[in-house]
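>
There are 2 protein chains.
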Amino acid sequence: MAKVILGASMSLDGYVSGPEESGFDKLFQWYENGDVTIETRHPTLTFKLTETSAAHFRSMLDNTGALLVGRRLFDITDGWGGEHPLGVRTVVLTHKVPDGWEQDGEHFVFVTEGIEAAVAKAREIAGEKLVGVSAGITGGQALDAGLVDEVWIDLVPVVLGAGVPFFASLAGAPVSLEGPISTEQGNAVTHLKYRVVR
Amino acid sequence: MAKVILGASMSLDGYVSGPEESGFDKLFQWYENGDVTIETRHPTLTFKLTETSAAHFRSMLDNTGALLVGRRLFDITDGWGGEHPLGVRTVVLTHKVPDGWEQDGEHFVFVTEGIEAAVAKAREIAGEKLVGVSAGITGGQALDAGLVDEVWIDLVPVVLGAGVPFFASLAGAPVSLEGPISTEQGNAVTHLKYRVVR
């Protein structure tokens, strides 16, 4: 069955977004501080990664069969203009299907029955591949529900002071993880992978 | 002049202590998950580190000439029974010298004139060696005041959910750091060093 990965770029103080959606220039700096070009589905969005980060990124991309995000991220990005930039079919956990969108579309699937149903749908789409869950409230819910297998953190050397925590709304803290099972040092980013203890 | 290092063991969500002084069993697990024995000044406190963590720890210890901690940590540990376990002279930032303690003692020096005076005193004691400032409120004050040269994080795979942040009471966020300038993977701990951008 598809492994479920909780992942994101994270500040040293544990945030995936600063106050009022700030900090992305810092958090995503490693997407543009190298020499290896990686195209996305969006013509205006091209990454320039170091060799190390590019290998990490490509391996993630090649192995990911579905994404799961919260409605907030979908709204902030305005549905990424119609398709997630990674070109991976994306489940959106929401209370209500947004106006103008098909519930079970080619690029987005909207699930309204809670985190367990959303993860189940994403697993079904992913098949044998990975499910990537975005950190924050949706990720915290998935971790709390025991639905996450691994946590992948791209640790970035900035202190944001406040914002949306990577591990948001976690009822079950403290949570111990195993590892890191992998540590890769890029340029101004440390790629860390942990296994969730069950 | 002595370099000032802000350092501590930190959870993945950025805490150096869980709620109500909890979480130390997790945060300090790497002090006892290896084969290399390191004695401290306290007969009952002996570390068992991995080779990697022992090298990191010894290098830190050999190069540290003074420590700077807040009054809270001094009180929680009850003055470590009279001497810091690392055997390094320790400056305590406080509003008032605690009863029964000499202001300028052999093992502890109490500074009541604020963070700049406390760092200056620690630098004077350290000479050419490093000053180690404990993370939390004191460390946040030092960072805010532009007095920190490097940030050393021992990143531990636990999510504490709440508690005392490594970067506490930081008025000047966001703060960007350079690096990591060093990444060493131990057993259930990642030793990361960053340079503060001025």
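These protein sequences, in sequence, are chains A and B.
Under the numbering used here, the first residue of the first sequence carries the number 149, and numbering increases by one thereafter.
Under the numbering used here, the first residue of the second sequence carries the number 149, and numbering increases by one thereafter.
Using N, Cα and C, we set each Cβ at its ideal position, and we do this for glycine too.
Bear in mind that the values here come from a model prediction, so they are computed numbers and not experimental data.
Using a Cβ cut-off of 8 Å, pull out every chain B residue sitting near isoleucine 301 of chain A, in sequence order please.
Here residue 301 of chain A refers to the residue found at position 153 of the first sequence. Result: Leu160.
> Mapping DSSP to helix, strand and coil, what is lysine 196 of chain B?
The sequence position of residue 196 of chain B within the second sequence is 48, counting from 1. Note: lysine 196 of chain B maps to strand in three-state DSSP.
> Could you give the distance in angstroms between the alpha-carbon of leucine 175 of chain A and the alpha-carbon of glutamate 231 of chain B?
Position 27 of the first sequence holds residue 175 of chain A. Position 83 of the second sequence holds residue 231 of chain B. The alpha-carbon atoms of leucine 175 of chain A and glutamate 231 of chain B are separated by roughly 41 Å.
> Does DSSP put arginine 343 of chain A in a helix, a strand or coil?
Here residue 343 of chain A is taken as the residue at index 195 of the first sequence, counted from 1. Strand.
> Can you pull the chain B neighbours of glycine 171 of chain A, defined as C-beta to C-beta under 7 Å?
Position 23 of the first sequence, counting from 1, holds the residue named residue 171 of chain A. What glycine 171 of chain A touches in chain B: Pro322.
> List the residues of chain A that valine 307 of chain B touches, going by C-beta distances under 7 Å, in chain order.
Position 159 of the second sequence, counted from the start, is the residue given in the question as residue 307 of chain B. Per Cβ cutoff of 7 Å: Phe315, Leu318, Ala321, Pro322 and Val323.
> Is the separation between the beta-carbon of alanine 321 of chain B and that of valine 279 of chain B shorter than 8 Å?
For the purposes of this step, residue 321 of chain B is taken as residue 173 along the second sequence, with counting starting at 1. For the purposes of this step, residue 279 of chain B is taken as residue 131 along the second sequence, with counting starting at 1. A distance of 8 Å or more separates the beta carbons of alanine 321 of chain B and valine 279 of chain B.
> What beta strand (DSSP E) runs, 3 residues minimum, are completely inside the region 174 to 231 of chain B?
184 to 187, 194 to 197 and 212 to 218
> Which ranges would you report for the alpha helix (DSSP H) in the region 284 to 342 of chain B if only whole runs of at least 4 residues count?
285 to 292
> Where does methionine 158 of chain A land, buried or exposed, given buried means 16+ other C-beta within 10 angstroms?
Translated into positions along the first sequence, residue 158 of chain A becomes position 10. Methionine 158 of chain A comes out buried.
> Counting only Cβ pairs nearer than 9 Å, list the residues of chain A close to glutamate 326 of chain B.
Here residue 326 of chain B refers to the residue found at position 178 when the second sequence is read from its first residue. Neighbours of glutamate 326 of chain B on chain A, chain order: Pro305 and Ala336.
> Determine, using beta carbons only, whether lysine 174 of chain A comes closer than 8 Å to chain B.
Here residue 174 of chain A refers to the residue found at position 26 of the first sequence. Yes, lysine 174 of chain A counts as interfacial toward chain B.
> What separation, rounded to the nearest whole angstrom, lies between the Cα atoms of serine 170 of chain A and glycine 253 of chain B?
Here the question's residue 170 of chain A lines up with position 22 in the first sequence. Here the question's residue 253 of chain B lines up with position 105 in the second sequence. Distance between the alpha carbons of serine 170 of chain A and glycine 253 of chain B is about 47 Å.
> Quick one: is glycine 284 of chain A near chain B, going by C-beta distance under 8 Å?
If you number the first sequence from 1, residue 284 of chain A lands on position 136. Not closer than 8 Å to any Cβ of chain B, the Cβ of glycine 284 of chain A fails to qualify, so no.
> Grouping DSSP H, G and I as helix and E and B as strand, with all else coil, what is alanine 150 of chain B?
The count along the second sequence starts at 1 and reaches residue 150 of chain B at position 2. In the structure shown, alanine 150 of chain B sits in coil (DSSP, three-state: anything other than H, G, I, E or B).
> Going by DSSP, what residue range makes up the alpha helix (DSSP H) through valine 267 of chain A?
On the first sequence, position 119 is the one that residue 267 of chain A refers to. Taken as a continuous stretch (DSSP letters only), the alpha helix (DSSP H) holding valine 267 of chain A covers 263 to 274.
> Look at the alpha carbon of alanine 290 of chain A and the alpha carbon of leucine 154 of chain A, and state the distance between them as a whole number of angstroms.
Taking the first sequence and counting its residues from 1, one reaches residue 290 of chain A at position 142. Taking the first sequence and counting its residues from 1, one reaches residue 154 of chain A at position 6. Spanning the two alpha carbons is a distance of roughly 8 Å.
> Just the chain A side, please: which residues come within less than 8 Å of glycine 182 of chain B by C-beta, in chain order?
As a position in the second sequence, residue 182 of chain B is number 34, starting the count at 1. Going along chain A, no residue has its Cβ under 8 Å from glycine 182 of chain B, so there is no contact; the nearest lies around 16 Å.
> In angstroms with no decimal places, state the Cα-to-Cα distance between glycine 311 of chain A and valine 337 of chain A.
Indexing the first sequence from 1 puts residue 311 of chain A at position 163. Indexing the first sequence from 1 puts residue 337 of chain A at position 189. Answer to the nearest angstrom: the Cα atoms are 19 Å apart.
> Along chain B, which residues have their Cβ under 8 Å away from the Cβ of leucine 197 of chain A?
Numbered from 1 along the first sequence, position 49 holds the residue referred to as residue 197 of chain A. Result: empty, since nearest Cβ-Cβ is about 17 Å, beyond 8 Å.
> Check whether chain B comes within 8 Å of glutamine 333 of chain A, counting only Cβ atoms and requiring the distance to be less than that.
In the first sequence, counting from the first residue as 1, residue 333 of chain A sits at position 185. At a cut-off of 8 Å, the C-beta of glutamine 333 of chain A has a neighbouring C-beta in chain B.
> Count the other CB atoms, across all protein chains shown, that sit within 10 Å of the CB of arginine 346 of chain A; report buried if there are 16 or more and exposed otherwise.
As a first step, residue 346 of chain A is located in the first sequence; it is residue number 198 there, counting from the start. It is exposed - the Cβ of arginine 346 of chain A has fewer than 16 other Cβ atoms within 10 Å.
> Is leucine 340 of chain B close to chain A? Criterion is C-beta to C-beta, closer than 8 Å.
As a position in the second sequence, residue 340 of chain B is number 192, starting the count at 1. Closer than 8 Å to some Cβ of chain A, the Cβ of leucine 340 of chain B qualifies, so yes.
> Measure the alpha-carbon distance for asparagine 181 of chain B versus phenylalanine 195 of chain B and round it to whole angstroms.
Locating residue 181 of chain B in the second sequence gives position 33, where the first residue counts as 1. Locating residue 195 of chain B in the second sequence gives position 47, where the first residue counts as 1. Between asparagine 181 of chain B and phenylalanine 195 of chain B, the C-alpha separation is close to 9 Å.
> In angstroms with no decimal places, state the Cα-to-Cα distance between proline 191 of chain B and glycine 309 of chain A.
Position 43 of the second sequence, counted from the start, is the residue given in the question as residue 191 of chain B. Position 161 of the first sequence, counted from the start, is the residue given in the question as residue 309 of chain A. Their Cα atoms are separated by approximately 39 Å.
> Could you confirm whether any beta carbon from chain B is found closer than 8 Å to the beta carbon of glycine 166 of chain A?
The residue given as residue 166 of chain A occupies position 18 in the first sequence. It does; some Cβ of chain B falls within 8 Å.
> Give a yes or no on whether the C-beta atoms belonging to valine 306 of chain B and valine 296 of chain B are separated by under 8 Å.
The count along the second sequence starts at 1 and reaches residue 306 of chain B at position 158. The count along the second sequence starts at 1 and reaches residue 296 of chain B at position 148. Not a contact, by the Cβ cut-off of 8 Å.
> State the Cα-Cα distance for the pair leucine 221 of chain B and glutamate 326 of chain B, rounded to the nearest angstrom.
Working through the second sequence from its first residue, we reach residue 221 of chain B at position 73. Working through the second sequence from its first residue, we reach residue 326 of chain B at position 178. So the alpha carbons of these two residues sit roughly 28 Å apart.
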